Amino acid sequence: DSGVTQTPKHLITATGQRVTLRCSPRSGDLSVYWYQQSLDQGLQFLIQYYNGEERAKGNILERFSAQQFPDLHSELNLSSLELGDSALYFCASSARGGSSTDTQYFGPGTRLTVL
Amino acid sequence: GQNIDQPTEMTATEGAIVQINCTYQTSGFNGLFWYQQHAGEAPTFLSYNVLDGLEEKGRFSSFLSRSKGYSYLLLKELQMKDSASYLCAVRGDNAGNNRKLIWGLGTSLAVNP
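Residue numbers (our numbering), protein chains in the order written: chain A, 2 to 116; chain B, 43 to 155.
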């Protein structure tokens with residue numbers, strides 16, 4: 002158990018809908034990262050937040066948005082869902098903002114299925 | 043551009059030793075990570091190298107050569123439960139948008155009895 006929690010574990014929805022994925026980092030960690038992993042694909046970095054502020058951005062679609070709240074939990078919002086958005090979505094956390102030794106610890110993921 | 047290369051698949055026998063290679067080209071270098079990921083599960087942290095040389099951690103060791111842009115993960119006394127994908131990730135320049143990790147696609151290791 003990494004100490005990172007994600008809810009829900011599974012989510013099934015229809016095209017065009019909007020969903021929210023939630024992540025709570027390990028106690029004391031200030032950074033949260035979101036990743037997408039499609040079937041047989043590598044980890045795609047979406048976005049990083051550090052202490053409430055956006056820190057780094059990857060290949061995040063405009064239909065997707067995220068935020069980190071004062072209690073450091075984070076939410077990833079996915080809207081106008083398409084079939085291709087079906088994937089595992091992982092949240093990771095780290096102690097700091099990405100210094101050399103900063104290690105990311107991953108949550109169990111949310112499996113999103115868009116029908 | 044920034045790039046990480048790993049073999050796509052490897053096969054080994056229970057009890058044997060296997061070496062999984064990773065080569066990288068990144069803008070700057072601030073550390074290399076290895077993660078293990080079982081199918082459908084989260085990646086779990088295995089090792090971190092920032093200086094040249096070998097880091098040993100039980101049955102797993104990781105080696106780094108910064109001048110060659112090369113790392114390997116060595117798994118000894120293979121067990122069936124080691125069947126998983128092994129991900130190599132590099133942190134490049136530690137500034138701005140480059141502080142994010144660059145991830146390889148992973149090496150799928152199958153351990154056979």
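Here a beta-carbon is modelled for each residue, glycine too, at the ideal position from N, C-alpha and C. As the structure is a computational prediction, the values presented were derived from the model and not from experiment.
Start and end of the beta strand (DSSP E) containing A:HIS11?
For A:HIS11, the enclosing beta strand (DSSP E) starts and ends at 11 to 14.
Nearest CA to the CA of A:SER25: which residue from A:GLN69, A:SER87, A:LEU44, A:VAL115?
For the residues A:GLN69, A:SER87, A:LEU44, A:VAL115, the minimum Cα distance to A:SER25 belongs to A:GLN69.
Contact belief for A:TRP35 with A:TYR90 at Cβ below 8 Å, rounded distance in angstroms
Cβ-Cβ separation between A:TRP35 and A:TYR90: approximately 7 Å, consistent with a contact (criterion under 8 Å).
Counting only Cβ pairs nearer than 7 Å, list the residues of chain B close to A:GLY110.
Within 7 Å Cβ-Cβ: ALA84.
So, do the segment 89 to 101 of chain B and the segment 66 to 76 of chain B have three or more beta carbon pairs nearer to each other than 8 Å?
A contact is defined here as three or more CB-CB pairs under 8 Å, and the segment 89 to 101 of chain B meets this definition with respect to the segment 66 to 76 of chain B.
Reduced DSSP category for B:ASP124 - H, G, I as helix; E, B as strand; rest coil
B:ASP124: helix per DSSP, three-state reduction.
Please list, in chain order, the residues of the segment 50 to 67 of chain A that have any C-beta partner in chain B closer than 9 Å.
If the cut-off is 9 Å between Cβ atoms, the segment 50 to 67 of chain A has ARG56, ALA57, LYS58, GLY59 near chain B.
Mapping DSSP to helix, strand and coil, what is A:GLY85?
The answer is helix: DSSP assigns A:GLY85 an H, G or I state.
Kindly indicate the opening and closing residues of the beta strand (DSSP E) around B:GLU97.
95 to 99 is the extent of the beta strand (DSSP E) around B:GLU97.
Going along the chain, which residues of its own chain have a beta-carbon closer than 7 Å to the beta-carbon of B:ASP124, five neighbours each way excluded?
For B:ASP124, where only same-chain residues beyond five positions count, the Cβ hits under 7 Å are LEU117, LEU151, VAL153.
Cβ of A:LEU39 within 9 Å of Cβ of A:SER80?
According to the sequence as given, residue 39 of chain A is Ser; it is not Leu. No, Cβ-Cβ distance for A:SER39 and A:SER80 is not below 9 Å.
Min CB distance B:VAL92 to chain A below 9 Å
By this cut-off, B:VAL92 is an interface position.
For B:GLU56, which residues of its own chain have a beta-carbon under 8 Å away from its beta-carbon, when the five flanking residues on both sides are left out?
Sequence-distant partners of B:GLU56 (beyond 5 residues in either direction) whose C-beta falls short of 8 Å from its own C-beta, in its chain, are LEU120, GLN121, MET122, VAL153, ASN154, PRO155.
For B:ASN63, the first and last residue of its enclosing beta strand (DSSP E):
Unbroken beta strand (DSSP E) run through B:ASN63: 60 to 67.
Cα separation between A:SER118 and B:CYS130?
Absent from the structure is residue 118 of chain A, since the part of chain A shown begins at 2 and ends at 116.
Between A:ARG112 and A:LEU44, what straight-line distance do the alpha-carbon atoms span, to the nearest angstrom?
Answer to the nearest angstrom: the Cα atoms are 14 Å apart.
Could you name each continuous beta strand (DSSP E) segment of 3 residues or more that falls completely within the segment 15 to 79 of chain A, going from the start of the chain to the end?
As far as the segment 15 to 79 of chain A is concerned, its whole beta strand (DSSP E) runs of at least 3 residues are 20 to 25, 32 to 38, 45 to 51, 54 to 58, 65 to 69, 75 to 79.
Taking all protein chains shown into account, do 16 or more other C-beta atoms lie within 10 angstroms of the C-beta of A:GLN18, making it buried, or fewer, making it exposed?
That one is exposed.
Is it buried or exposed for A:LEU73, if we count other Cβ within 10 angstroms and need 16 for buried?
Counting the other CB atoms within 10 Å of its CB gives A:LEU73 a total of 16 or more, which places it among the buried residues.
What do you reckon, are the CB atoms on A:ALA47 and A:ALA15 nearer than 9 Å?
The sequence as given places Leu at residue 47 of chain A; Ala does not occur at that position. No. Outside cutoff.
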